[in-house]
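Chains as they are written, first to last, in this note's numbering: chain A, 1 to 300; chain B, 1001 to 1312.
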């Protein structure tokens, strides 16, 4: 009983299955060393500045704070193949904080999913790089996001599908700490533990800021780690700009069985650019041309 | 003869589950009422009770669909539509994922539970989402076929069922087709277009009107989106007057949809039988329908007034 039409994003699946290529061959990504990842992190930061400055809008602050997390996932940890974005055995990355789209696009471009030049088209009419992620437009983007609080639920579905299909891919979800204000996050948190999803790892970018200011003042989420713990999760705290700590935590998460793991990554919003760090003005505002120039000097 | 649309849904799910391993079912703590429990008993590893968390359920369904599953997600219509509208919009509708929302307890015939459980806006809400197919079956026979059609056709569906057992209006030879109206009675004086539980009332009203010498066509309109424009235009041309009848607010339901087609292609006098623009209250299903004029008498009266306008 095959469906008459199918999800366009699934179309690559049959081809890859019939080609009978080994998982190793399909996963063309070479794991970068820590030193190489530090260089990559800087490259991604430069892209974020250039892209948002060119677009004249966007969310540089929360993109810059997640750079090391995304770098570790896409350039070391995840099994994926830019030449076959819909490879059924790929590890999945769900960007729940969809406003960090510039960072995800930069990583996808550097990994080979998109031409680097295309990054300049961010937010333009007709571009594949929408203001917030759109699953139907960008190769490698798993989920349409931007309305906060929804990524963890979506990831549960992917994680349960792995169980049903006896597949060993892992599911990674990146949440914002401000995003944890959303009730749906906690519905999903409860369900992840209930379903014992040990193939799912969540990472919360604890940059401690949201649009209206510090999270402790806008809506206090503390004690955040205890909340997740009490919801049945294994919790690991890391410095979210320390690649070794992130890699160790992601590795540790793989070993934990019978429950989901969340990595609480303490970060600095706007990280890497002195005048953007901890500055809520750069949550949802792009740098001016002059500010971008200054930022790029700092990111040499 | 009466039968339960919910039971027809549950039984069809079990059939589909046996035929296709990719079918998964989700519920939000209402599986005994929505009848997904029948599937859960047969295929426990493919059934996910999400607890009383509809927003999360829709996201999980979307993630399963994005991984190649055909996901049926069920709860009451009031919760399936309004409670998680943004989740359905973001995670299911825009990415056009293969999720079938089968919502039971639609309309006011939920009865005594009162306005909190009366889904009077759901068709308007769901029709507003690009990409969704919206189906309101008239009886158990149509329900079984519509659920099967949803499973066999890619994309997001919203199927609205009701709580009470309902009269069978179709014979065993009926073949449901997505986007097609069914002519249940021919006639050239005027047309009654009805959906869901209202179809059986429309048939009875047409039978009585025939006794008065008024020969009405009766169209059952199970698919609200995409609507059968051809059948509507044909009815407008051939009968010159249309009454619509639905268990939903006038705004954004069957009547509005039919009127849009009529206005674009063949303007004729129309009359709209629907729920009044106000919140409802507790009561027996028939009392509630009657308080909104949704009765056989109500349809007859509307038709007589409409024919006066047609002749004027």
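C-beta: ideal position from N, C-alpha, C; glycine also.
Fair warning: this is a prediction, and the values are worked out from it, not measured in the lab.
- Separation of residue 1192 (chain B) and residue 1231 (chain B) (C-alpha to C-alpha, rounded to the nearest whole angstrom) is 12 Å.
- Contact of residue 1091 (chain B) with chain A by beta-carbon distance below 8 Å involves 143, 144, 150, 153 and 154.
- Residue 1174 (chain B) sits in coil when the DSSP states are folded into three classes, being neither helix nor strand.
- By the neighbour-count definition (other C-beta atoms within 10 Å, threshold 16), residue 1145 (chain B) is a buried residue.
- Taking every protein chain shown into account, the CB of residue 228 (chain A) has 16 or more other CB atoms within 10 angstroms, so this residue is buried.
- The segment 123-139 of chain A and the segment 1030-1039 of chain B do not touch, with fewer than three beta-carbon pairs separated by less than 8 Å.
- Cβ neighbours of residue 146 (chain A) within its own chain (closer than 6 Å, five residues either side excluded): 98 and 132.
- By the C-beta criterion, the segment 140-157 of chain A is judged to be in contact with the segment 1077-1097 of chain B, since at least 3 inter-stretch pairs fall below 8 Å.
- Linking residue 288 (chain A) to residue 101 (chain A) through their CA atoms gives a straight-line distance of about 19 Å.
- Closest option to residue 38 (chain A), judged by alpha-carbon separation, among A:188, A:247 and A:125: A:247.
- In the DSSP secondary-structure assignment, residue 1283 (chain B) is not bridged to any residue.
- In this structure, the straight-line span from the alpha carbon of residue 253 (chain A) to that of residue 41 (chain A) is close to 22 Å.
- Residue pairing by DSSP places residue 214 (chain A) opposite A:209 in a beta bridge.
- Flagged as an interface residue toward chain B: residue 187 (chain A), by a C-beta distance shorter than 8 Å.
- Under the DSSP assignment, residue 154 (chain A) falls in the alpha helix (DSSP H) whose first and last residues are 151-164.
- Partner residues in the beta bridge of residue 1270 (chain B), as assigned by DSSP, are B:1242.
- Among the residues of the segment 1071-1095 of chain B, those with a Cβ less than 7 Å away from any Cβ of chain A are 1086, 1087, 1090, 1091, 1094 and 1095, in the order of the chain.
- Neighbours of residue 191 (chain A) in chain B, taken as residues at a C-beta separation under 8 Å, are given in chain order as 1050, 1051, 1053, 1056 and 1060.
- Linking residue 72 (chain A) to residue 66 (chain A) through their CA atoms gives a straight-line distance of about 10 Å.
- Of all alpha-carbon atoms in A:217, A:219, A:74 and A:203, the one lying nearest the alpha-carbon of residue 233 (chain A) is that of A:203.
- Contact annotation: in the segment 234-267 of chain A, no residue has its CB less than 7 Å from a CB in chain B.
- Taken in chain order, the members of the segment 1144-1176 of chain B whose beta-carbon sits within less than 8 Å of a beta-carbon on chain A are 1151, 1152, 1153, 1154 and 1155.
- Taking 8 Å as the threshold, the shortest C-beta distance from residue 203 (chain A) to chain B does not fall below it.
- In this structure the segment 1254-1263 of chain B does not touch the segment 1292-1301 of chain B; the number of beta carbon pairs closer than 8 Å is below three.
- Sequence-ordered contacts of the segment 1024-1051 of chain B with chain A read 1024, 1045, 1046, 1048, 1050 and 1051 [C-beta pairs closer than 8 Å].
- DSSP places residue 1074 (chain B) in no alpha helix (DSSP H) but in the uninterrupted beta strand (DSSP E) bounded by 1070-1076.
- Rounded to whole angstroms, the separation of the alpha carbons of residue 81 (chain A) and residue 1280 (chain B) is 55 Å.
- Residues are counted here when their Cβ sits less than 8 Å from a Cβ of chain B; for the segment 128-142 of chain A these are 134, 135, 136 and 142, given in chain order.
- Per DSSP, the unbroken alpha helix (DSSP H) holding residue 1039 (chain B) starts and ends at 1037-1042.
- Taking 8 Å as the CB threshold, residue 1282 (chain B) stays off the interface with chain A.
- Taking a beta-carbon distance threshold of 8 Å, residue 1068 (chain B) counts as an interface residue toward chain A.
- Residue environment: residue 125 (chain A) is assigned as exposed (fewer than 16 neighbouring CB atoms within 10 Å of its CB, all protein chains considered).
- Separation of the CB atoms of residue 197 (chain A) and residue 260 (chain A) is rounded to 5 Å, and the pair is thereby assigned contact status at 8 Å.
- Residue state for residue 1217 (chain B) is assigned as strand, using DSSP reduced to three classes.
- Remark: C-beta atoms of residue 76 (chain A) and residue 31 (chain A) approach each other more closely than 8 Å.
- Closest in C-alpha terms to residue 193 (chain A), from the list A:210, A:294, A:152 and A:220, comes A:152.
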